[in-house]
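Throughout, my numbering is defined as the position within the sequence shown, counted from one, plus 889. Here the structure comes first, spelled out in structure tokens, and everything after it is commentary.
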Amino acid sequence: CTISVDEIITKVGRLLNVHKIDIFSKSQRHNVQKARQIAMYLAYRLTPMSYPQLGKIFQRDHTSVIHAVRRVEQLLQSDAVLRGQLVQLHTVLGVSAMRQKPSLRRRDKDRSIEPEATAAKQVANTGRVQIVRLHRHER
């Protein structure tokens, strides 16, 4: 039961009232951009495709796909309407939120550093204090 990117684009376009051809266009109209970003987000989260693969499909650079995924994740924090639209899309696509890939940002993963692995260091001639991560040999 795999979902195709084409199916995602079709369903997003239908829900947001944006033509499929507009999602692939260079249009920067707000409604088209939003539909495109949501389609990229869902395509990334619900398919095994990489950023470069999705970039080719959407006729964009892979960094545009990264931006779209981050943007939608950011908006989900505060936009209840968007959350509702994504729930609707999950239902229409017949998938559960559990099927999604884990959060995208590698640097956002829990990489907590033990307190003994950090130290405050005074930056030379400025008086500023900077928290730095110690290398293994400095611990």
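Just so you know, even glycine gets a beta-carbon here, dropped at the ideal spot from N, CA and C.
- Short of 7 angstroms from the beta carbon of Arg960, and not among the five residues preceding or following it, lie these beta carbons of its own chain, in chain order: Gln926.
- In the structure shown, Ile910 falls within a helical segment according to DSSP collapsed to helix, strand and coil.
- Cβ atoms of Asn920 and Val907 come within 8 angstroms of each other, at about 6 angstroms.
- Gly983 carries a coil assignment under DSSP once its states are collapsed to helix, strand and coil.
- Ranked by Cα distance from Asp895, the options Thr952, Met938, Arg918, Lys923 are led by Met938.
- Restricting attention to Phe947, Gly944, Ala928, the CA atom closest to the CA of Ile897 is found in Ala928.
- A distance of 8 angstroms or more separates the beta carbons of Ile910 and Ala924.
- In the DSSP annotation of this structure, the continuous segment of the alpha helix (DSSP H) that includes Ser953 starts and ends at 951 to 965.
- Taking C-beta atoms under 8 angstroms as the contact rule, Ile892 and Leu971 fail to qualify, at a distance of about 20 angstroms.
- Per DSSP, the unbroken alpha helix (DSSP H) holding Asp895 starts and ends at 894 to 905.
- Collapsing the DSSP output to three states places Lys945 in a helix.
- Annotation: the continuous alpha helix (DSSP H) that includes Lys923 extends over 919 to 935.
- By the C-beta density criterion, Ala957 is buried, having at least 16 other C-beta atoms within 10 angstroms.
- The Cβ neighbour count for Arg918, taken over all protein chains shown within 10 Å, is under 16; the residue is labelled exposed.
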